[in-house]
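Note that this note's numbering has the sequence shown beginning at 928, numbered continuously upward. The structure appears below as structure tokens.
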Amino acid sequence: MTVNLCSTAIIITGAFGSLGAATARAAAQAGARVTLVDRAAEAPRDLVEDCGPEAIAIGGVDLTNASDAAQAVDRACHRMQGLDALINIAGAFRWQTLADGDLDTWDLLFAINVKTAVNASRAALPHLRRRGSGRIINVGANAALKAGAGMGAYAASKAAVHALTQSLAEEVKSENITVNAVLPSIIDTPANRADMPRADFSTWVTPQSLASVILFLASAGAQAITGTLLPVTGRV
């Protein structure tokens, strides 16, 4: 899937991870100006170089903190002279059963998967409204549609992302701002391969494939799509 994002100003959260980096590289290749936001302090040098001379990397950002999120978004928008799309990729996964797990995991996953998207979206809205249009794309999870054993905390947090997506889409639909979410199955990352070494990786969704769907939702071609929870499941 090829999209034209020439001069589009995009913020990507969780940008230093596997999916974030794939999305940033693909966005830059499609002509976008990208700001990479992540909790990690230092951006991989090759990632910043691949995203071109206009790329901005803002590390050390705690997106679970509303003030930190607002400062990062404001700084990015000042540097890019506006904002066209926010892509909320920051997130985390934990597998544990309720009986044997740690209840703090529920708080952790809600904070990382939900609050980051809430804080970044809230900070981005004034800039998108100033532009008169915009896109917000969240990353939900296909597992949140029917949670399996050990997936309770993760699925519950991603279900909240789904609800946020649909609610915010309704809130801003009259302002030419769309809000959608992709729902991947298992993403083919080094971490997931290490956790499931006997799995058939060929059935998983590659970061590059998922990035192409995300960037379509960020493009002008997706202007009629909002409030959608789009499964991107490969052959899982």
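Note that beta-carbon positions come from the ideal geometry of N, C-alpha and C, so glycine has one too.
Rounding to the nearest angstrom, what Cα-Cα distance links residue i and residue j in this structure?
i     : j     : result
A1108 : D1027 : 31 Å
I1064 : D1029 : 30 Å
G958  : W1022 : 38 Å
N1103 : V1041 : 24 Å
L1095 : V1163 : 29 Å
A1044 : A1017 : 8 Å
G882  : V1132 : With the chain represented from 928 up to 1163, any question about residue 882 goes unanswered, as that position is not in the structure.
T962  : R1062 : 15 Å
T929  : L1144 : 12 Å
A1138 : L1025 : 32 Å
S1112 : F1128 : 12 Å
N1015 : R1125 : 30 Å
G1075 : T1160 : 16 Å
R960  : A942  : 14 Å
S1136 : P1117 : 16 Å
F1020 : N992  : 19 Å
D1031 : F1037 : 10 Å
Compute the beta-carbon to beta-carbon distance between residue i and residue j, rounded to the nearest angstrom, for a pair I have assumed lies under 8 Å.
i     : j     : result
L1142 : T940  : Wrong, their Cβ atoms sit about 15 Å apart, outside the cutoff.
A996  : L990  : 5 Å
L1156 : L1091 : With a Cβ gap of about 11 Å, L1156 and L1091 do not count as contacting.
L974  : A954  : Between A954 and L974 the Cβ distance is about 12 Å, and since that is not below 8 Å, they are no contact.
On the CB-based measure, 16 or more other CB atoms within 10 Å of its CB, does residue i come out buried or exposed?
i     : result
A984  : buried
N1046 : buried
K1073 : exposed
S1048 : buried
R1120 : exposed
S994  : exposed
D965  : buried
C978  : buried
S1146 : buried
A1151 : exposed
A968  : exposed
M1123 : exposed
D1115 : buried
N931  : exposed
R1057 : exposed
Among the options, which residue has its Cα nearest to the Cα of residue i?
i     : options                    : result
A1050 : K1073, S1084, H1005        : H1005
L1010 : T935, A1138, F1020, R1120  : T935
P1134 : A997, A1038, G1061, V1066  : V1066
T1105 : I1114, Q1093, S1112, P1111 : Q1093
L1055 : A1003, M1078, F943, G947   : A1003
P971  : G944, V1000, I1039         : G944
L1215 : N1069, I938, K1100         : Outside the displayed range of the chain (928 to 1163) lies residue 1215, so it cannot be described from this structure.
G1059 : G1077, N992, S1101         : S1101
A1080 : E1097, I1039, R1057        : I1039
V1088 : C933, Q1008, R952, G1154   : G1154
P1158 : R952, E1098, M1078, A1068  : A1068
Please classify residue i: does DSSP put it in a helix, a strand, or coil?
i     : result
G1148 : helix
I938  : strand
P980  : coil
R960  : strand
P1124 : coil
T1105 : strand
A1012 : strand
V1140 : helix
V1163 : coil
I1039 : helix
N1119 : helix
V930  : coil
Measure from the C-beta of residue i to each C-beta in chain D and report whether the shortest distance is under 7 Å.
i     : result
D1127 : Absence of chain D from the displayed structure is noted, only one protein chain being present.
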